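This report concerns only the one structure given below.
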Amino acid sequence: MKRRDFLRTAAVAPLVSFVPFHLAHAAARWDRILVLIELQGGNDGLSTVIPYADPKYAELRPTIKVARDRVLQLDERLGLGPELSPMMKLWRDKQLAVVLGVGYPDPNLSHFRGIDIWHTATNADEASTVGWLSQVFKLEAPPADYAADGIVVGRGSVGPLKAPDRRILVLENGGAAAMNEAKRMAGNAGMGGGNAALAHVLQTQQSFKISSAAVLAKNVDRVDPGATFPAGDFGNQLAMAARLLGGGVQVPVIKATIGGFDTHAAQLTDQPPLLTQVGAGIAAFAEAMKKHNLWDRVLVMTYSEFGRRPRENGSGGTDHGTAAPHFIAGGKVKGGIYGQQPSLDDLFDGENLKHTTHFRSMYATAAQEWWGIPTPFIKEKPLGLISA
């Protein structure tokens with residue numbers, strides 16, 4: 087099958103105000119890459135990181151619980167779901183951080199509003215049109231000669247990269263036709279007429295697409311990804327990310343997405359294959375980065391719009407919830423468990439987990455610990471999981 091892609095820049099609403107930034111810090115570490123993995127739909131955290139030693143877990147989930155003898159033990163209380171077994175090597179190598187109880191106050195259980203809060207790093211009662219990464223890049227911009235400020239592989243949204251004039255590439259199904267798309271855009275150079283604003287937008291898009299495609303067209307598809315990735319769209323996304331980085335494409339952020347986590351019914355049937363892809367995909371990506379001698383320069387971070395309720399519903403599934411665990415992996419990660427497991431006996435409104443780690447602490451970790459960029463708009467502290 088012929089591989090095709092589409093390359094586009096992001097056009098979004100006007101930028102919000104930013105806190106003035108003072109250059110009283112060391113230069114940002116733009117040699118480091120953040121790889122975001124969105125678990126779209128609201129991943130069930132209690133089937134991902136399982137409190138197997140808590141009797142309340144089995145009580146709340148009589149038919150969908152993971153049997154204790156199948157749990158991959160992390161410590162005497164918690165373990166990974168069996169589908170995540172490929173990630174256990176990262177755990178044993180102390181390159182996997184498990185961040186517990188990630189959420190925020192006054193949680194919103196809407197898919198659309200929930201992911202908007204995560205993407206913009208706002209409070210539940212605030213709104214913004216600018217992604218949190220674009221806010222970071224407003225404080226200190228990535229190098230102008232980089233291919234892009236961020237690359238989205240697959241059909242996921244630009245999300246945390248959303249902002250006017252932000253240099254974003256969205257690559258669908260690979261990247262082999264990027265130069266053709268750039269040439270097509272170049273053919274529109276005469277458009278705009280007397281409309282100065284339109285002419286500026288077109289000029290920005292054209293010059294950006296041409297220069298970026300010139301980098302991406304350097305036989306990226308011929309680069310050995312460095313590992314065997316799981317079959318399917320998510321595996322293809324991570325394989326493309328590995329080819330981009332292994333081929334020398336310079337970019338600070340790559341975002342991948344895997345959907346299907348809205349498991350209101352038949353969770354025992356629907357969630358395990360997704361977690362299998364996540365586990366195999368992250369493990370393969372780590373192997374690929376090690377082969378390309380890039381693992382110490384890569385930070386992998388998962389996120390989702392919300393977790394799910396502790397108690398199973400009548401359809402063998404779980405409904406929209408609140409807090410959930412997430413993973414951060416990399417060669418410079420100090421592996422271990424971070425944060426506190428939310429109590430199953432003390433639930434928010436009697437039915438949801440109370441968050442113990444603010445999601446913005448993960449963002450502070452990426453911006454401040456990983457890149458070395460102070461972020462006044464993030465008040466939460468980093469997790470302290472990056473080694474020197």
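Going by the numbering used here, the sequence shown opens with residue 87, and the numbers climb by one from there.
For every residue, glycine included, the Cβ atom is placed at its ideal position computed from N, Cα and C.
This one's a predicted model, so the numbers in the text were calculated from it and none came from an experiment.
Under 8 Å between C-beta atoms of His205 and Gly189: It is not a contact, given that the beta carbons lie outside the stated cut-off.
Proximity below 8 Å, CB of Ala144 to CB of Tyr449: Between Ala144 and Tyr449, the gap from beta carbon to beta carbon reaches 8 Å or more.
Alpha-carbon spacing of Phe223 relative to His412, whole angstroms: Cα-Cα distance, rounded: 24 Å.
Bounding residues of the alpha helix (DSSP H) (the contiguous stretch that carries Lys376): From DSSP, the alpha helix (DSSP H) with Lys376 extends over Gln353 to Lys377.
Collapsed DSSP secondary structure at Ala263 in the structure displayed: Because Ala263 sits at a pLDDT of 49, beneath the cut-off of 50, its placement in the model cannot be relied upon, and the following sentence gives the value as read from the coordinates. DSSP places Ala263 in coil when its eight states are reduced to three.
8 Å contact criterion, which Val306 and Val339 should meet: CB distance rounded: Here Val306 is actually not in contact with Val339; their C-beta atoms are around 17 Å apart, not less than 8 Å.
First and last residue of the uninterrupted beta strand (DSSP E) at Phe413: That run of the beta strand (DSSP E) goes Ala410 to Gly416.
Cβ separation of Ala410 and Gly393, assumed to be a contact under 8 Å, to the nearest whole Å: Indeed, because the Cβ distance is near 3 Å, the residues count as touching under 8 Å.
Rounded C-alpha distance that separates Gly345 from Asp310: Roughly 26 Å between the two C-alpha positions.
Thr461 versus Ala452: straight-line alpha-carbon distance, rounded: Straight-line Cα distance between these residues: approximately 10 Å.
Nearest-angstrom Cα separation, counted from Thr408 out to Thr442: Distance between the alpha carbons of Thr442 and Thr408 is about 11 Å.
Three or more C-beta pairs below 8 Å linking the segment 381-397 and the segment 121-140: Yes, the segment 381-397 touches the segment 121-140.
Where Leu219 falls: helix, strand or coil (DSSP): For Leu219, the secondary structure class from DSSP, reduced to helix, strand or coil, is helix.
His350 versus Leu257, Gly318, Arg397 and Asp140, residue with shortest Cα-Cα distance: The option with the nearest alpha carbon to His350 is Arg397.
Given 8 Å, three or more beta-carbon pairs between the segment 361-373 and the segment 147-159: The segment 361-373 is not in contact with the segment 147-159.
Collapsed DSSP secondary structure at Lys487 in the structure displayed: In the structure displayed, the chain extends from 87 to 474; residue 487 sits before or after that span and is not available.
Rounded separation between Thr362 and Trp177 - CA only: Their Cα atoms are separated by approximately 16 Å.
Residues sharing a beta bridge with Phe434, DSSP: Partner residues in the beta bridge of Phe434, as assigned by DSSP, are Asn438.
DSSP three-state assignment for Leu109, whether helix, strand or coil: Any reading at Leu109 must be qualified, since the residue scores a pLDDT of 42, below 50, and its modelled position is unreliable; the value itself is stated next. Leu109: coil per DSSP, three-state reduction.
Pairwise C-alpha distance: Pro250 and Pro228: Their Cα atoms are separated by approximately 15 Å.
Ile459 vs Ala114 beta-carbon contact at 8 Å: Going by C-beta atoms, Ile459 is nearer than 8 Å to Ala114.
Cα-Cα separation, Gly332 to Ile119: Rounded to whole angstroms, Gly332 to Ile119 spans 12 Å at the Cα level.
Three-state secondary structure (DSSP) of Thr388: DSSP places Thr388 in strand when its eight states are reduced to three.
Where Tyr424 falls: helix, strand or coil (DSSP): Strand, per DSSP.
Boundaries of the beta strand (DSSP E) in which Leu132 is found, first to last residue: First-last for Leu132: undefined, no H or E at that position.
Interface flag, Glu373 vs chain D, CB-CB below 8 Å: Included in the structure is just one protein chain, with no chain D present.
Cα-Cα separation, Leu385 to Asp140: Going by the C-alpha atoms only, they are around 31 Å apart.
Ala300 versus Leu257: straight-line alpha-carbon distance, rounded: Unreliable placement is indicated for Ala300, whose pLDDT of 49 sits below 50; the coordinate value is still reported in the next sentence. In this structure, the straight-line span from the alpha carbon of Ala300 to that of Leu257 is close to 14 Å.
Complete alpha helix (DSSP H) runs within the segment 163-187 (minimum length 4 residues, chain order): Those alpha helix (DSSP H) runs which fall completely within the segment 163-187 and span 4+ residues are 174-178.
For Asp179 and Val337, the rounded distance between their alpha carbons: So the alpha carbons of these two residues sit roughly 27 Å apart.
Coil, strand or helix - Val121 by DSSP: Here Val121 sits in strand by DSSP.
Helix, strand or coil at Gln336 [DSSP, three-state]: Coil, per DSSP.
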